[in-house]
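To start, the structure itself, in structure tokens.
Protein chains in written order, with this note's numbering: chain A, 3 to 474; chain B, -9 to 252.
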């Protein structure tokens, strides 16, 4: 980790890095007002498409547009090959881990991961014990959050194995760029992301329960229009030609799942569910859930339907389990982890906690079960009062927090008020696991639009960029 | 001993309901202490039910009805041969790792009045069985006297009614888990010496040598050939015999008989 952030466009001597050479020329050729106009075009395009998101906890409670930056982020073919190999290794190991802890628990018996950390964890789902999901896959749809700190330095921040969102932005960002700057796609050979919905369909079909005649019937199960990602649910259903359902549209009869249609009940084989585990089925999980389908989990357990992703995958992306991922990779694959983990302080250890409390100003504190940038302290950007608040929180519940150094996130050229300036970015590539592991080249780049800011979450003022992976 | 069981339950579904589903844990499996000779469940929708083994190794059924009657009757009947093994179940094929049964749940919080005196007692090897027996005696005493919850009626008097079997089982399990000993909840039928037959609950605790061993703190005995095991789980919630959506109320026991079959 270096103190000065890695600039993805420029070498240290100011020269342009190879992947950005053509873009640099193109930017120079643009007349003065062109980028501003293009940015305005992009905004009206997204408004027309209706891509908005709701921010939880905001007073306005209104739908917002995630700002889109018109300058693409570019990754070379070689860089991507390395990165995707590391991602594939990680998702294979994490799926093997899920299979093991829901069966014989060899990794716990071997003492490589503390037993209590798993078995007493609220993200561990005892109801999943002994269940054999199709092809042994638990997490079919994964979004791995990655940051870059140098030419060859990639760190995994989080593995999202529950219901990662944002893939619709990846697709729409590409669509927008194709419209806004078609000439750039003639000069660059950019790997396509448009195949994602088709690949998602193939992945879901490959994990359908046995004994189905003809093509499996796929649906997307959404909590409904008030969910912040509802747009994405309907978008994905539409793109892959699956029905979009709410809990009330599905029912269980004779141990099988059916969808109500105008022409009568239709059997459902694979469900891409965007409802959290707790709300999936009031018969097995929270009895007060109005969002789920009564009996769904039992139908799954009986092998009559596949849930994508499986319940209980959250144990593998739990922040307290995160520190053990390199260990998990070695245990199941016998290989060293290709991608680095961010060093993480354990606040239940007195020495580490003392260090953390002394250095809150330089550190990032995350709630073990938090997400989306909520319940998080970014030391360098925090006020004294915020740090005091977190000091108390950590002392009260040391096991509820993990603490990491502030990484010098890489920067990419970004169009801002005063022209083009470097801004910090992260990357969420999307992985599909079924009959094979398929990683969409690129992913969602999130950019912190405020100068110097390291928080890229859309709920906290972040934007997105199209991400280009170049083909050889 | 051969035991004949008849158990009739009534479940209020409510009127005008389009669909109802139930998750049943009402089927005993053959094991070291029992052989199931006959078993039947009679209720609307049972022929089409999905039958499967749940996470804890129980035989479960998912039953559904379209436009059900307001009241659903479930009739369970069967004959089971039992033997007395002093409560020792041992290891069962397909059992999940015992460590899982150290997981605390809301219903199995340890009670200080019970666990306190066992904290420093040796609990491994030969000592474990003795400890578990002492624990059963203590649970039987504390819960039986109503000491643990200090529930009182309007006049500030401690309640006199004997607590349900679930309270004893939960207290035992909570204490065992607090001592790092895996313990699980068991539902089943018990043939009483006298008095009414019941759908009962007790506990099983883990010993590295003997495997699972039953303890019935409600009756202050290890299960004998008068006990028929039906289901195991983390606590009463994970072993509810009839779970239903929509939920209108607990199933009502219409009739129950558990008797020696000779």
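Note that CB positions come from ideal geometry on N, CA and C, so glycine has one too.
In the DSSP assignment, find the unbroken beta strand (DSSP E) run with residue i in it and report its ends.
i, result
"residue 219 of chain A", "Run containing residue 219 of chain A: none; DSSP gives neither H nor E here."
"residue 1 of chain A", "The question about residue 1 of chain A has no answer, for chain A in this structure spans 3 to 474."
"residue 132 of chain B", "Counting along the chain, residue 132 of chain B falls outside any beta strand (DSSP E), though it belongs to the alpha helix (DSSP H) covering 117 to 134."
"residue 175 of chain A", "Here residue 175 of chain A belongs to no beta strand (DSSP E); instead the alpha helix (DSSP H) covers 169 to 182."
"residue 4 of chain B", "First-last for residue 4 of chain B: undefined, no H or E at that position."
"residue 65 of chain B", "61 to 72"
"residue 31 of chain A", "Not the beta strand (DSSP E): residue 31 of chain A falls in the alpha helix (DSSP H), residues 23 to 31."
"residue 157 of chain A", "155 to 162"
"residue 74 of chain A", "70 to 77"
"residue 211 of chain A", "Element bounds for residue 211 of chain A: n/a, residue is neither H nor E."
"residue 417 of chain A", "413 to 418"
"residue 16 of chain B", "9 to 17"
Where does residue i land, buried or exposed, given buried means 16+ other C-beta within 10 angstroms?
i, result
"residue 301 of chain A", "buried"
"residue 368 of chain A", "buried"
"residue 35 of chain A", "exposed"
"residue 311 of chain A", "buried"
"residue 274 of chain A", "buried"
"residue 220 of chain A", "buried"
"residue 146 of chain B", "Per-residue confidence for residue 146 of chain B stands at a pLDDT of 47, beneath the threshold of 50, marking its modelled position as unreliable; no derived number is given."
"residue 62 of chain A", "In this prediction, residue 62 of chain A has a pLDDT of 46, which is less than 50 and means its spatial position is unreliable; what the coordinates show is noted afterwards. So residue 62 of chain A ends up on the exposed side."
"residue 80 of chain A", "exposed"
"residue 361 of chain A", "exposed"
"residue 258 of chain A", "buried"
"residue 123 of chain B", "exposed"
"residue 228 of chain A", "exposed"
"residue 134 of chain A", "exposed"
"residue 228 of chain B", "buried"
"residue 321 of chain A", "buried"
"residue 313 of chain A", "buried"
"residue 107 of chain A", "buried"
"residue 466 of chain A", "buried"
In terms of alpha-carbon separation, which member of the options lies closest to residue i?
i, options, result
"residue 178 of chain A", "A/45, A/222 and A/7", "A/45"
"residue 450 of chain A", "A/69, A/33 and A/23", "A/69"
"residue 459 of chain A", "A/18, A/446, A/469 and A/393", "A/446"
"residue 254 of chain A", "A/304, A/310 and A/434", "A/304"
"residue 158 of chain B", "B/-7, B/113 and B/174", "B/174"
"residue 279 of chain A", "A/129, A/262, A/170 and A/139", "A/129"
"residue 132 of chain B", "B/83, B/172, B/208 and B/168", "B/208"
"residue 188 of chain B", "B/194, B/20, B/220 and B/37", "B/220"
"residue 108 of chain B", "B/39, B/86, B/99 and B/125", "B/125"
"residue 315 of chain A", "A/104, A/171, A/394 and A/343", "A/104"
Going by beta carbon distance, what residues of the same chain come within less than 8 Å of residue i, once the five residues before and after it are set aside?
i, result
"residue 244 of chain B", "-2, -1, 0 and 63"
"residue 26 of chain A", "11 and 18"
"residue 146 of chain A", "89, 92, 93, 158, 160, 161, 162, 430, 431 and 433"
"residue 152 of chain B", "134"
"residue 49 of chain A", "67"
"residue 382 of chain A", "363, 364, 408 and 456"
By Cβ distance below 7 Å, which residues in the same chain neighbour residue i in space, the five residues on each side in sequence not counted?
i, result
"residue 240 of chain B", "none"
"residue 51 of chain A", "174"
"residue 233 of chain B", "12 and 13"
"residue 253 of chain B", "The structure shown does not extend to residue 253 of chain B, since chain B is modelled only from -9 to 252, so the question has no answer here."
"residue 68 of chain B", "-5, 26, 28, 29 and 30"
"residue 213 of chain B", "77, 192, 204 and 206"
Under 6 Å Cβ to Cβ from residue i, same chain only, skipping five residues before and after it: list those, please.
i, result
"residue 95 of chain B", "224 and 225"
"residue 366 of chain A", "380, 406 and 408"
"residue 10 of chain B", "3, 55 and 58"
"residue 293 of chain A", "225, 249, 277 and 281"
"residue 78 of chain B", "200 and 203"
"residue 1 of chain A", "Chain A is shown only over 3 to 474; residue 1 of chain A falls outside these bounds and no answer can be derived."
"residue 210 of chain B", "130"
"residue 59 of chain A", "Annotation note: pLDDT 49 at residue 59 of chain A (below 50); position unreliable, no value reported."
Alpha helix (DSSP H) containing residue i: first to last residue?
i, result
"residue 199 of chain A", "198 to 208"
"residue 383 of chain A", "Note, residue 383 of chain A: premise wrong, no alpha helix (DSSP H); not H, not E."
"residue 105 of chain B", "102 to 105"
"residue 312 of chain A", "Run containing residue 312 of chain A: none; DSSP gives neither H nor E here."
"residue 40 of chain A", "36 to 51"
"residue 32 of chain B", "Per DSSP, residue 32 of chain B belongs to no alpha helix (DSSP H); it is in the beta strand (DSSP E), 24 to 32."
Length-filtered (4 minimum) alpha helix (DSSP H) runs lying within the region 103 to 145 of chain A: 108 to 111 and 117 to 121
Whole runs of the alpha helix (DSSP H) within the region 316 to 351 of chain A, excluding any shorter than 4 residues: 321 to 324 and 327 to 335
Runs of alpha helix (DSSP H) lying entirely within the region 234 to 304 of chain A, each at least 4 residues, in chain order: 298 to 303
3-residue-minimum beta strand (DSSP E) runs that sit fully inside the region 424 to 454 of chain A, ordered along the chain: 432 to 435, 439 to 441 and 446 to 450
Ordered list of alpha helix (DSSP H) runs contained in the region 141 to 222 of chain B, each at least 4 residues: 155 to 168
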